[in-house]
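Numbered according to mature numbering (1 follows the signal peptide of the UniProt record, and there is no 0), the sequence shown spans residues -22 to -1, 1 to 152.
From the three backbone atoms N, C-alpha and C, an ideal C-beta is built for every residue, glycine too.
Here the structure is a predicted model, which means the values were calculated and not measured.
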Amino acid sequence: MSVLHFRAVIFALMIVTIPSLADLPSPGPNNDEAVQRIVSGIISYTRWPKLNAAPRICIFRSARMAHIIASNITPISFTPVIVENSEEALIANCDGIYFGIEAPEQQVKLIEAYQPRALLLIAEQNTECLIGSSFCLNIDVTPVKFAVNLDSLSRSGVRVNPEVLMLARNSRHD
């Protein structure tokens, strides 16, 4: 079994355990941990061309989960960089961006400014997931769900393990 396949299986098992959170009445600390695990999992199963170190992920301070994503609730496989705005995100020269309240149109503008760089894009407030980010989290439900914008992902320059994409498909249609 290859290391990548083994890691994908472990990630799948982590995600499968999240439905046990369904008994919770509303999002809370357990959802925080679920978001952190999902984001860390997506990042760990993403490959960037010519990247030899842990990816730098810009996290917009506007994100409800900014403090959770940047924390060490579970071991993280990336370097978090908290940014206030698009200008700081551009200067930080990150390998991925985690958006908070930024509208999909704002996400597209920043993505265009980063071109042609390979970039992983994750958002909290992009429920339609039609433009902007490649991965769109729904953190307001228990269990946390996520969707994938395959068009955005195909243009992002990063490669994501197909098993993660299948998890998104299963997660979205529960």
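For residue i versus residue j, is the C-beta spacing smaller than 9 Å?
{"i": "residue 231", "j": "isoleucine 16", "result": "Residue 231 lies beyond the residue range present for the chain, which begins at -22 and ends at 152; the question has no answer from this structure."}
{"i": "glutamate 66", "j": "glycine 110", "result": "no"}
{"i": "phenylalanine 113", "j": "alanine 70", "result": "no"}
{"i": "glutamate 102", "j": "leucine 88", "result": "no"}
{"i": "threonine 24", "j": "valine 136", "result": "yes"}
{"i": "aspartate 73", "j": "arginine 34", "result": "yes"}
Just the C-alpha distance for residue i and residue j, rounded to the nearest angstrom, thanks.
{"i": "alanine 12", "j": "proline 121", "result": "8 Å"}
{"i": "proline 140", "j": "phenylalanine 38", "result": "27 Å"}
{"i": "histidine 45", "j": "isoleucine 75", "result": "14 Å"}
{"i": "isoleucine 21", "j": "isoleucine 100", "result": "10 Å"}
{"i": "tryptophan 26", "j": "glutamate 90", "result": "18 Å"}
{"i": "proline 53", "j": "valine 61", "result": "21 Å"}
{"i": "arginine 95", "j": "lysine 28", "result": "11 Å"}
{"i": "arginine 133", "j": "glutamate 106", "result": "18 Å"}
{"i": "aspartate 118", "j": "isoleucine 47", "result": "16 Å"}
{"i": "asparagine 30", "j": "leucine 98", "result": "16 Å"}
Would you kindly report the start and end of the unbroken alpha helix (DSSP H) that includes residue i?
{"i": "isoleucine 46", "result": "44 to 47"}
Does residue i come out as helix, strand or coil in the three-state DSSP assignment?
{"i": "valine 61", "result": "strand"}
{"i": "valine -7", "result": "Here the model assigns valine -7 a pLDDT of 40, short of 50, so the residue's position is not dependable, and the following value carries that caveat. Note: valine -7 maps to helix in three-state DSSP."}
{"i": "alanine 125", "result": "strand"}
{"i": "alanine 96", "result": "coil"}
{"i": "valine 13", "result": "helix"}
{"i": "isoleucine 69", "result": "helix"}
So the beta strand (DSSP E) residue i belongs to, where does it begin and stop?
{"i": "isoleucine 89", "result": "Segment 82 to 92 is the alpha helix (DSSP H) holding isoleucine 89; no beta strand (DSSP E) there."}
{"i": "leucine 115", "result": "113 to 116"}
{"i": "phenylalanine 77", "result": "74 to 77"}
{"i": "isoleucine 109", "result": "Note, isoleucine 109: premise wrong, no beta strand (DSSP E); not H, not E."}
{"i": "phenylalanine 38", "result": "34 to 38"}
Quick one: does residue i have its CB under 9 Å from some CB of chain B?
{"i": "alanine 12", "result": "Here chain B cannot be found, since the structure has a single protein chain."}
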